[in-house]
Every structure is written in C-alpha cells, then in structure tokens.
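Asker:
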Amino acid sequence: MNTLSAAAVAALSAADPAEKCRLTRDIAARWKNGDVESVGTCPPPDRPARPQRPQLLPPKEMPKRAYKGDRGRIGLLHALAHIELNAIDLAWDIVARFTGEDMPKGFYDDWIQVAVDEALHFEMLEDLLASLGAAYGDLPAHDGLWQAAEKTADDLAARLVVVPMTLEARGLDTTPATMDRLARNGDTLTPPALEVIYKDEITHVAAGVRWFKHLAQKRGWDGKTEYQRLMAERFPGGLKAPFNHAARAQADFDQDWYEELAKRD
Ligand SMILES: [Fe+2]
Ligand SMILES: [Fe+2]
95 MNTLSAAAVA ALSAADPAEK CRLTRDIAAR WKNGDVESVG TCPPPDRPAR PQRPQLLPPK
155 EMPKRAYKGD RGRIGLLHAL AHIELNAIDL AWDIVARFTG EDMPKGFYDD WIQVAVDEAL
215 HFEMLEDLLA SLGAAYGDLP AHDGLWQAAE KTADDLAARL VVVPMTLEAR GLDTTPATMD
275 RLARNGDTLT PPALEVIYKD EITHVAAGVR WFKHLAQKRG WDGKTEYQRL MAERFPGGLK
335 APFNHAARAQ ADFDQDWYEE LAKRD
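Position 43 of the sequence shown, counting from 1, maps to 137 under the numbering used here, and the rest follow consecutively.
(1) Taking just the CA atoms, how far does residue 254 sit from residue 248?
(2) Taking the continuous alpha helix (DSSP H) assigned at residue 115, which residues delimit it?
(3) Can you name the residues that DSSP bridges to residue 235?
(4) Out of 343, 335, 241, 345, state which residue places its alpha-carbon closest to the alpha-carbon of residue 354.
(5) Applying the criterion that 16 or more other CB atoms from any shown protein chain within 10 Å of the CB defines a buried residue, is residue 114 buried or exposed?
(6) Under the three-state reduction of DSSP, which class applies to residue 104: helix, strand or coil?
(7) Just checking: is the beta-carbon of residue 166 within a distance shorter than 8 Å of some beta-carbon in chain D?
(8) Reducing DSSP to helix, strand and coil, say where residue 355 ends up.
(9) I'd like to confirm something about residue 360: is its beta-carbon nearer than 7 Å to some heavy atom of ligand 1, or not?
(10) Closest by CA to residue 273, which one among 153, 170, 347?
(11) Distance, Cα to Cα, residue 213 vs residue 182?
(12) Would the segment 259-270 count as touching the segment 188-196 if we require 3 or more Cβ pairs under 8 Å?
(13) Provide the residue(s) that pair with residue 365 in DSSP beta bridges, ordered along the chain.
(14) Go to residue 159, then tell me how far its alpha helix (DSSP H) extends in each direction, as first and last residue.
(15) Given this structure, state the Cα-to-Cα distance separating residue 220 from residue 193, to the nearest angstrom.
(16) Look up residue 282 in the DSSP assignment and say whether it is helix, strand or coil.
(17) Compute the Euclidean distance between the alpha carbons of residue 282 and residue 96, then round it to the nearest angstrom.
(18) Ligand 1 heavy atoms versus the CB of residue 291: any closer than 7 Å?
(19) Quick check on residue 297: does DSSP put it in helix, strand or coil?
(20) I want to check one thing, is the minimum distance from the CB of residue 181 to the heavy atoms of ligand 1 below 7 Å?
(21) Should residue 345 and residue 299 be called a contact, given that it needs their Cβ atoms to be closer than 8 Å?
(22) How far does the alpha helix (DSSP H) with residue 217 in it extend, from its first residue to its last?
(23) Where residue 111 and residue 179 are concerned, what is the direct C-alpha to C-alpha distance, given to the nearest angstrom?
(24) Residues in the same chain with beta-carbon distance under 7 Å from residue 240, minus the five sequence neighbours each way, listed in chain order, please.
(25) Assuming residue 238 contacts residue 153 under a Cβ cut-off of 8 Å, what Cβ separation, rounded to an integer in Å, is found between them?
(26) Report the CB separation of residue 184 from residue 243 in whole angstroms; it is logged as a contact under 8 Å.
(27) Roughly how many angstroms lie between the CA atoms of residue 343 and residue 230, to the nearest whole one?
What follows is the structure, given as structure tokens:
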C-alpha cells in the first residue's frame with residue numbers, strides 16, 4: 095500500500111519518538127523522489143501512538159514548573175519537546191485525515207515539510223535536554239495538546255484555523271520574549287535553537303493561512319468572515335494579545351482578521 099496517507103498513518107502509529115522522526119524523513123524523501131504512488135485513503139487513528147514515558151497528565155494536574163536554573167531550563171525544554179512531538183503528529187494527521195478534500199499536491203508538499211521541521215525541532219530540544227543530563231520522558235507532560243486535533247477532526251478549514259493559525263501563531267507571539275528571558279539568564283544554547291524553531295514556525299503559520307484561503311476561495315467564502323465564524327465556534331475563548339504582528343504579517347496573516355478576536359480583560 096504505497097500511498098502517502100498509509101505512510102502518514104505509519105508515522106502516527108510509531109510510539110517511539112526516534113522512530114517517528116526517522117519515518118518522517120523517510121516518507122518525505124520517498125515523496126520527493128516520486129516513490130509514493132498517490133495520496134490514497136487511509137484513515138488516521140483517533141490518537142497517535144505515544145511512548146510509555148512521559149506520563150501524560152490532564153492540564154490541571156500538571157505540576158508547576160520551576161523557572162530558574164537548570165531545573166527551570168529542563169522543565170521548559172521538556173514542555174517544548176512535548177509540543178514538537180505532538181506537532182509532528184498534527185502534520186501527519188492533516189495529511190491523512192482530509193484526503194476527501196481533493197487538495198492539490200502543494201498542500202501535501204507543505205505539510206510533509208512541516209512534519210520534517212517538527213521532527214528536527216523535537217530532536218534539537220532532545221539534544222539540549224541531553225546536554226543537561228535529562229531526556230524526553232523524565233517529566234510528566236500535558237495531555238491536552240491532542241484535544242485541538244480531536245475537536246477539529248471533522249473539517250479541514252476548522253483544523254487550519256485552530257492549529258496553525260491559532261496555536262502555532264501563538265508561538266510566534268511568545269517565543270521572542272522567551273528567547274530574551276533565557277539569554278538574560280545566561281543561557282547561550284537554547285535561544286539559537288528557539289530562533290531556528292521560530293523561523294520555521296512562521297512558514298507553518300503561512301501554510302495554514304495559505305491553505306485556509308485556498309479552501310475559502312474553493313468554497314466561495316469570504317475568508318475573514320469564515321475565519322471569525324470558525325473561531326467563535328471552535329476557539330470561543332478569544333485570543334491573547336499582544337500579537338507579534340510582524341511575524342504574522344510574514345505568514346500573510348491579515349491583522350484585521352485576528353486583532354478583533356483579542357480578549358478584553
Ligand atoms: Fe515546531
Ligand atoms: Fe510548527
């Protein structure tokens with residue numbers, strides 16, 4: 095069954111992060127070489143396979159993180175590694191779940207590249223953890239990340255609005271301040287890794303915006319109206335300001351789409 099969707103499901107079904115990353119690069123190479131016959135149809139699992147460690151906890155039960163010193167850094171790197179591992183699966187889930195949409199090849203090219211980037215991000219963070227004598231799995235991790243996928247499993251437009259255009263875009267808003275804080279605390283290793291991640295994430299948000307706009311056009315929608323309608327339906331809490339308008343603009347994300355959704359407190 096040499097199809098892209100079956101390959102994506104194999105990556106989703108790999109519990110071992112190293113194997114998931116290896117499969118990710120392998121699929122990308124085969125797709126580029128033309129060794130994958132077609133996109134095909136192969137429904138993804140409800141939840142991706144996960145390693146035995148870390149222990150997954152409901153968000154409310156997560157222990158408070160230390161902010162200072164090596165313990166603080168390990169906590170941050172571990173949380174980020176967990177986000178990146180989920181991001182690999184989110185990319186493969188988009189590839190496998192919405193094959194009924196008849197999206198062009200460029201759509202698959204983009205999400206395969208996202209999966210490859212996320213695998214690299216995960217590995218960079220794992221290396222940083224190792225440099226501190228720690229590893230992914232050592233701490234408990236947040237079990238809420240897959241909820242965004244479950245809540246948007248029925249509609250590609252909703253998935254793009256909630257995952258790349260909201261959750262990944264939020265990363266663009268917060269990462270520069272995290273880099274500054276770490277640098278001020280004398281961390282010379284993490285900020286350069288976060289800089290690589292940050293630049294890649296702009297392209298992930300851009301892919302979300304690009305394919306949402308493509309779908310809007312295909313469905314005869316006004317993009318802004320439909321984006322805001324889907325946000326009200328699927329992400330009703332509103333968005334946290336301040337926004338990184340410059341990075342969002344690089345992703346072609348129109349300020350007048352999202353700015354009105356900022357929470358007022
Ligand atoms: Fe990432
Ligand atoms: Fe990403």
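Beta carbons are placed, not taken as given, at the ideal position from N, Cα and C, and that holds for glycine. Values in this document were obtained by computation on a predicted structure and should not be read as measured data.
Answerer: Concretely, from the data shown:
(1) Reading the sequence shown from its first residue, position 154 is the one you call residue 248. Reading the sequence shown from its first residue, position 160 is the one you call residue 254. C-alpha separation (whole angstroms): 12 Å.
(2) Mapped onto the sequence shown, residue 115 falls at position 21. Run containing residue 115: 111-127, per the alpha helix (DSSP H) assignment.
(3) Within the sequence shown, residue 235 is the residue found at index 141, counting from 1. Answer is 150.
(4) Residue 354 sits at position 260 when you count from the first residue of the sequence shown. Per the Cα distances, 335.
(5) Here residue 114 is taken as the residue at index 20 of the sequence shown, counted from 1. When all chains shown are included, residue 114 counts as buried.
(6) Taking the sequence shown and counting its residues from 1, the one referred to as residue 104 is at position 10. Helix.
(7) Among the chains in the structure shown there is no chain D, since it carries only a single protein chain.
(8) Taking the sequence shown and counting its residues from 1, one reaches residue 355 at position 261. Three-state DSSP puts residue 355 in a helix.
(9) What is shown of the chain runs 95 to 359, which leaves residue 360 out entirely.
(10) As a first step, residue 273 must be located in the sequence shown, where it is residue number 179. Answer by Cα proximity: 170.
(11) For the purposes of this step, residue 213 is taken as residue 119 along the sequence shown, with counting starting at 1. For the purposes of this step, residue 182 is taken as residue 88 along the sequence shown, with counting starting at 1. Taking the straight line from one Cα to the other gives about 6 Å.
(12) no
(13) Only positions 95 to 359 of the chain appear in the structure, and residue 365 is not among them; the question remains open.
(14) In the sequence shown, counting from the first residue as 1, residue 159 sits at position 65. Here residue 159 belongs to no alpha helix (DSSP H), and DSSP marks it neither H nor E.
(15) Indexing the sequence shown from 1 puts residue 220 at position 126. Indexing the sequence shown from 1 puts residue 193 at position 99. One C-alpha to the other measures close to 32 Å.
(16) Residue 282 sits at position 188 when you count from the first residue of the sequence shown. Residue state, collapsed to three classes: coil.
(17) Working through the sequence shown from its first residue, we reach residue 282 at position 188. Working through the sequence shown from its first residue, we reach residue 96 at position 2. C-alpha separation (whole angstroms): 44 Å.
(18) The residue given as residue 291 occupies position 197 in the sequence shown. Yes, the Cβ of residue 291 comes within 7 Å of a heavy atom of ligand 1.
(19) Taking the sequence shown and counting its residues from 1, one reaches residue 297 at position 203. Residue state, collapsed to three classes: helix.
(20) Within the sequence shown, numbered from 1, the residue matching residue 181 stands at position 87. Under cutoff, so the answer is yes.
(21) For this step, residue 345 is matched to residue 251 along the sequence shown. For this step, residue 299 is matched to residue 205 along the sequence shown. For residue 345 and residue 299, yes; Cβs fall inside 8 Å.
(22) One-based indexing of the sequence shown puts residue 217 at position 123. Unbroken alpha helix (DSSP H) run through residue 217: 199-225.
(23) Against the sequence shown, residue 111 aligns to sequence position 17. Against the sequence shown, residue 179 aligns to sequence position 85. Their backbone Cα atoms lie some 7 Å apart in a straight line.
(24) As a position in the sequence shown, residue 240 is number 146, starting the count at 1. Cβ neighbours of residue 240 beyond the five flanking positions: 141, 180.
(25) Position 144 of the sequence shown holds residue 238. Position 59 of the sequence shown holds residue 153. Sure, about 4 Å apart at Cβ, within 8 Å.
(26) Sequence index remark: in the sequence shown, residue 184 carries index 90 (1-based). Sequence index remark: in the sequence shown, residue 243 carries index 149 (1-based). At roughly 6 Å, the Cβ-Cβ gap stays under 8 Å, so residue 184 and residue 243 are in contact.
(27) Taking the sequence shown and counting its residues from 1, one reaches residue 343 at position 249. Taking the sequence shown and counting its residues from 1, one reaches residue 230 at position 136. Roughly 33 Å separates the two Cα atoms.
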